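In order, the protein sequence lines correspond to chains A and B. Start counting the first sequence at 1; every next residue gets the next number (our numbering). Start counting the second sequence at 1001; every next residue gets the next number (our numbering). Every residue gets a Cβ at the ideal spot worked out from N, C-alpha and C, and that includes glycine. All figures in this text were calculated on a predicted structure; none of them were measured in a lab. Notes follow once the structure below has been shown.
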Amino acid sequence: MDKSLHLETVIRTHQITKEKQLLEKHIQKKNEVKEALQENFGCNIYSPFNSGSYAKNTAINTKFDFDLVSPFKRNAFGSNGTLKEMYEAVYDFLFDKYKIEAEVKKQKVSIGLEFYPDSVGDRIKIDVVPGREFNQDQYKDDENLNLYVYYKYGNFAADSERIKTNVQMQINNIKDRADKEKDSIRKIIRLLKVWKNTKYNYPTKSFFIELITIKAIDNSDITGKLWDKLKTVLEYIRDHVNNEGFTLKDPGNSSNDLADTLTDNDKQQLANDMKNMLERIEENDENIKTYFPENPKFKEEDKNKNKYGTNGGMPIPPPKLNFGLEK
Amino acid sequence: MSDRVREINTKIESIPDVKLVKPFEQGEFDINGSIFIFIEGLEQPLKFDVSILPQYPFRSHNTETIKFYNEELLEYKHIMGNGSICIHTAHSPMLSEKLDYDIASVKSWIRKYYINKDIDIHYEHLIVPQKPYKDRHYAFFFNEVDYIFTKNQFGFVDYSIINNGIFYIEKITSNILQTYYDRNKKLLTDVKWNFQLKALNKSSGLFIFIKEAPSHNHRWVFNNWDEFAALLPQNFLNFLHTTQESYQKDTGKQLPLFVGYNISETEIHWQVVMLEIGNFPIYGERVNKQWLTFLDGSKAVFWAMTRNCSYKYFFGRGRLNEKITNGKILIIGIGAIGSVVAKTLLRSGCTKIDFIDFDVKEPENVCRSEYNFFSGITNKTDDLINQFCLISPFFEPTIGGYNYSEAFDFLLKSHLTDTTIKSDIEKRLNEYDLVFDCSADNDLLYALSQLNINSTLLNLSISNHAKQLVCASERNRYEFITTQFNGSVLKFDIDDLYNPTGCWSPTFKASYNDINALVQFAIKHINLRFERDKALRNFVIENDDSDCLTFKPKEF
């Protein structure tokens, strides 16, 4: 089995463009929310922009949502207005506007809008991330924002109610690198997202995956085919994520360490998962399909498999080989 | 003097701080003698009459076959009613060595309980003589209730017979306590048992909560009614009198009296006295032209056995992690794997277990699953529910049964694209904390993988000859299982299958032992994950019998 070939197929079946309709629905709804925010907050808000995996070109089609960063002016909520007031004002507005058609919930630094399934069962998810410029009218120069932390996650921002960051720099970090590495980074990030999606409630955030992939590539000798490159990243995570002093600096603010978003147990689990994955794939190439499955919705047919007329004989249906219930 | 007697005398004389008072002699059965034992802290040595039984140095019926008696020590802890010290010592087949151990154990008792007067932390039950009442023994099982009794509160109870059995060589009737009523037969509280136990025919009894243990030295239960004199209030004696009058037609029949007392600040224990209607331990006497009821102290008390069967004692010797036992569990497919999983969970403390299986049990299923031959052909769900009610008094099935199982399979497979029905099924499944899919039904596996379920969903199946057990616990369970069984990953014999006579659908070959060994290993692994608060991962357990049998677990 050619593992790299399989991984390329996995990426193809997970291309976001394959979910054209759903993507368009997201874009449409994102624009609608953006306009509503601008209309409501008027001159107190800069133009909201997309900051998630779609903007970074690392999205996969089995699980995607849009992150809409909404930069507010420093005095949008009064000269003494707090970040909490900003967060609550945005929540109140979104709740009033969308409570009938969506579940509106407070999240770590964003307000989640999860629209109820439409007539064909599609669910649109948009996370609105309110941020405030450092000083009045400074945003257009430095793009720095303060985010309000609704609740703490791991050790991250443990002592503070705010996170200072530069979302545009975060986006550029991936985009710039991805272009230079001829798409390897994006592919590996997408594959790790596919892998993460095989688990329930995995604690690593997409941003964490992006940063650790870049760090692994910066610190390793990345050569060979796609599997070789992915394997090097997996080995790097296995060997380093649980080490004392391991850091993942936020390119938008180097004092934010994304490694702190995981607890020690989470890091140990991540290292173990990498170890198990590498061992199982080493034992049998086929196991790669478990960790990196194709999206069944867009599965590509194996042209040589079980076809009438193949080898000139009768087709043999595959037998049932797993048991458990008596007959 | 026999060699054995001589060896005992010689050995005893050689043990430091032990002196022969009366040399050992062979009695009719036992060898008897008396000794002094001295340890530091005693003013004077303690004297013990010693009996050595013929089995010595071996133990018999889990008790030592050497007895050290001193009736003056009755007030101390761990002394039996006949004045013998309760000791448990190490095994030795050598008489001389065993005597060393036993004397050392007596010395240890003297230090701990005679000199230091230690009090054990755990509660020690009263010593209740196990004598039959009339032609049989009676045992009553109770369960803790969510009700606070007050001192001298009394009233009626309901109890039910659960079995008539044999207690060694005598008859015994076992019963469960069902309900407490006040003296006017108004419900006080119900005792929780499984629905089949609750449905049993009920008989009446009485209760009184006296708060203090009916005992001497918190050790020996009262023998005669006069010992109760200070504990039973006058209104209770009057109640006994009126009750006996109202039960006149049942004269001669027994009426159990539950006597409750605290064994800790929060815990109650019940002992049961067997009363005979028409022969209650009371009498009437006219005092100042008024008839009063008095206790007839001369009568002996006939005690029955009681057992506290509340959850913490019933499963006290071992259970799975609380995250499993407290959970609501659904098992889909109760065949060779599912029935073993179900019974293991039940015996390990789980109470809320539902089943889904539309199949019927056939005689040939019995050899490797948890079914009995005796119930013949019947729905698996009904059979297992009946069996589980016999095992655990706390078993609480809520749904399941044949009709539910049929509906579940039909609706899930035929309405997977119907968002309303799909959402309803998701809602129902989300009521469970743990769902075990042991159906080995790959269509169901696929259908379940299309649902949005928050419950922990585990899929268990095995390969032919029980070479491997595959457990899928993650979101990718469909890909995982299909990959493992696609013929290129797990290696096992795919030709040597069992073809049931008259059926062209072959099944796997494996014995109850083969299957159970793997399933128990898997449950232990899952439990460990819960215990250590770690995420569950897909895993495969493979047995390697090329040399010494080993089980190799592989996590994914």
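Using a Cβ-Cβ cutoff of less than 7 Å, which residues in the same chain neighbour residue i once the five nearest sequence positions on both sides are dropped?
{"i": "A/S4", "result": "K225, L226 and W227"}
{"i": "B/L1448", "result": "D1437 and L1457"}
Cβ of residue i less than 7 Å from any chain A Cβ?
{"i": "B/S1461", "result": "yes"}
{"i": "B/T1501", "result": "no"}
{"i": "B/S1439", "result": "yes"}
{"i": "B/S1488", "result": "yes"}
{"i": "B/T1420", "result": "no"}
{"i": "B/F1480", "result": "yes"}
{"i": "B/N1194", "result": "no"}
{"i": "B/F1141", "result": "no"}
{"i": "B/N1516", "result": "no"}
{"i": "B/A1535", "result": "yes"}
How many angstroms separate the CA atom of residue i from the CA atom of residue j?
{"i": "A/N149", "j": "A/I163", "result": "In the sequence on display, residue 149 of chain A carries Val and not Asn. Going by the C-alpha atoms only, they are around 7 Å apart."}
{"i": "B/I1332", "j": "B/F1436", "result": "6 Å"}
{"i": "B/P1228", "j": "B/H1525", "result": "This sequence places Phe at residue 1228 of chain B; Pro is not what is there. About 54 Å."}
{"i": "B/L1231", "j": "B/I1523", "result": "51 Å"}
{"i": "A/D65", "j": "A/I126", "result": "6 Å"}
{"i": "B/T1483", "j": "A/N287", "result": "7 Å"}
{"i": "B/V1259", "j": "B/P1233", "result": "13 Å"}
{"i": "A/D67", "j": "B/K1328", "result": "37 Å"}
{"i": "B/D1382", "j": "B/D1354", "result": "11 Å"}
{"i": "A/P48", "j": "A/P71", "result": "6 Å"}
{"i": "B/E1028", "j": "B/E1276", "result": "40 Å"}
{"i": "B/A1304", "j": "B/L1255", "result": "11 Å"}
{"i": "B/C1367", "j": "A/L325", "result": "13 Å"}
{"i": "B/K1467", "j": "B/I1015", "result": "59 Å"}
{"i": "A/N306", "j": "A/P317", "result": "Note that A/N306 has pLDDT 49, beneath the 50 cutoff, so the model's placement of it is unreliable and the number below is only indicative. The straight-line gap from Cα to Cα measures roughly 8 Å."}
{"i": "B/L1444", "j": "B/D1409", "result": "8 Å"}
{"i": "B/A1510", "j": "B/N1070", "result": "60 Å"}
{"i": "A/E19", "j": "B/Y1478", "result": "22 Å"}
{"i": "A/K30", "j": "B/Y1446", "result": "33 Å"}
{"i": "B/V1489", "j": "A/N284", "result": "7 Å"}
{"i": "B/N1152", "j": "B/I1210", "result": "5 Å"}
What residues in its chain sit with their C-beta under 6 Å from that of residue i, if we drop five residues either side in the sequence?
{"i": "B/D1102", "result": "I1066 and T1089"}
{"i": "A/G309", "result": "Low local confidence applies: a pLDDT of 42 at A/G309 is under 50, so the model's placement there is unreliable, and no value is given."}
{"i": "A/N216", "result": "Note on identity: in this sequence residue 216 of chain A is Ala, with Asn being the wrong assignment. Contacts found: V233 and Y236."}
{"i": "A/N75", "result": "Q136"}
{"i": "A/E143", "result": "N166 and Q168"}
So, at 8 Å on beta carbons, what are the nonlocal neighbours of residue i in its own chain, with the 5 sequence-adjacent residues on each side left out?
{"i": "B/N1116", "result": "none"}
{"i": "B/C1389", "result": "N1194, F1195, Q1196, L1197 and F1395"}
{"i": "B/V1341", "result": "I1331, F1436, C1438, L1460, V1519 and I1523"}
{"i": "B/N1224", "result": "G1297, S1298, K1299, A1300 and V1301"}
Output the boundary residues of the beta strand (DSSP E) element that contains residue i.
{"i": "A/T165", "result": "R162 to T165"}
{"i": "B/W1270", "result": "I1268 to E1276"}
{"i": "B/V1301", "result": "Taken as a continuous stretch (DSSP letters only), B/V1301 belongs to no beta strand (DSSP E), as it is neither H nor E."}
{"i": "B/E1227", "result": "Counting along the chain, B/E1227 falls outside any beta strand (DSSP E), and DSSP gives it neither H nor E."}
{"i": "B/A1139", "result": "R1136 to F1142"}
The alpha helix (DSSP H) with residue i in it runs from where to where?
{"i": "B/Y1180", "result": "No alpha helix (DSSP H) holds B/Y1180; the beta strand (DSSP E) holding it covers E1170 to D1182."}
{"i": "A/S211", "result": "Note that residue 211 of chain A is Leu in the sequence shown here, rather than Ser. Per DSSP, A/L211 belongs to the alpha helix (DSSP H) from S206 to N219."}
{"i": "A/K30", "result": "K20 to F41"}
{"i": "B/F1195", "result": "F1195 to K1198"}
{"i": "B/C1389", "result": "K1380 to I1391"}
Any Cβ of chain B within less than 7 Å of the Cβ of residue i?
{"i": "A/L191", "result": "no"}
{"i": "A/E103", "result": "no"}
{"i": "A/D62", "result": "A quick correction: the sequence has Thr, not Asp, at residue 62 of chain A. With 7 Å as the cut-off, A/T62 does not count as an interface residue toward chain B."}
{"i": "A/N284", "result": "yes"}
{"i": "A/N322", "result": "yes"}
{"i": "A/K289", "result": "yes"}
{"i": "A/P293", "result": "yes"}
{"i": "A/L5", "result": "no"}
{"i": "A/L325", "result": "yes"}
Looking at the ligand COA, does it come within less than 6 Å of residue i, judged from the CB to the closest heavy atom?
{"i": "B/D1118", "result": "Looking at this structure, you won't find the ligand COA or any other ligand, since it has none at all."}
Check: Which residues, taken in chain order from the region 248-279 of chain A, show a beta carbon closer than 7 Å to some beta carbon of chain B?
Finding: Going along the region 248-279 of chain A in chain order, one finds Q269 and N276 with a Cβ nearer than 7 Å to chain B.
Check: Quick one, which residues of the region 1334-1358 of chain B are near chain A if we go by CB-CB under 9 Å, in chain order?
Finding: Of all residues in the region 1334-1358 of chain B, those with a C-beta nearer than 9 Å to a C-beta of chain A are I1334, G1335, A1336, I1337, G1338, S1339 and D1357, reading in chain order.
Next item on the list: With 8 Å as the limit, tell me which residues of the region 1537-1556 of chain B have their beta carbon closer than that to any beta carbon of chain A; keep them in chain order.
Entry: Contact residues of the region 1537-1556 of chain B toward chain A are R1537, N1538, K1554, E1555 and F1556 (C-beta to C-beta distance below 8 Å).
Item checked: Short-range partners of chain B found in the region 197-214 of chain A, where Cβ spacing is below 8 Å -> Flagged, chain order: N197, T198, K199 and Y200.
Next item on the list: Check each residue of the region 110-142 of chain A: if its Cβ is closer than 8 Å to any Cβ of chain B, include it; give the result in chain order.
Entry: If the cut-off is 8 Å between Cβ atoms, the region 110-142 of chain A has P117 and G121 near chain B.
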